[in-house]
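For any residue, its number in our numbering is found by taking its place in the sequence shown, counting from 1, and adding 3.
A virtual CB, placed ideally from N, CA and C, is assigned to each residue, including glycine.
Quick notes on the structure that follows.
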Amino acid sequence: MLEAYSLNVEVAANAAVPFNNVSLEKGCTVKLQSPGTIALNKCGVYMVSCDASAAATSSIQLHKDGVAQPQAQATGDTPSFITLVQVDHNNCGCCCSSPTTLQVLNVGDAVATFTNINVAVTKVC
C-alpha cells in the first residue's frame, strides 16, 4: 500500500507528476520507484485513486507501463479518478522480471500547477 503526494508542484505538458512526499508505505507490493514512477511488484489487482487541486483547468491520466489508461483520466480544477489495474506477473528479483510501472501524467497542452495532488495505491486481491 502506498500513499504519496506533492504540494505546489509545476508539471510540464505530457510529463509525469512527481510525488515528492510519501505519507504511507506498507509492505513490498507497491513502491515509489522515483518521484514520477510507482512500481507494482506482485501480481493481482490494485485500486489506484488520484485527486488533485489545480491552479487552472488541468488534465491528468494514468499510464501503465507507458500506455495511457482511458478509464483513468480527468479534467478540471479538481481532477480525480479511481480505477483498478491488473498485474499478471511478480517482480521476484530475478534478472528476467521487472515491475509493472504506473505514472500519473499531466496530459494537457500546457504546464499545470497542482496546489495539491495525491495518489493512493492498494492491492485488493
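What span of residues does the beta strand (DSSP E) with residue i cover, start to end?
i	result
M50	47-57
N11	5-14
So if DSSP puts residue i in a beta bridge, which residue, or which two residues, is it bridged to?
i	result
S61	G79
S37	T40
N24	Y8
K29	DSSP lists no partner for K29.
Decide if residue i is buried, meaning its Cβ has at least 16 other Cβ atoms within 10 Å, or exposed.
i	result
E6	buried
A58	exposed
S9	buried
S37	exposed
P82	buried
Taking just the CA atoms, how far does residue j sit from residue i?
i	j	result
V127	G30	13 Å
N17	G96	31 Å
L87	G69	16 Å
**Report entry** Whole runs of the beta strand (DSSP E) within the region 85-128, excluding any shorter than 3 residues
**Finding:** 103-109, 115-126
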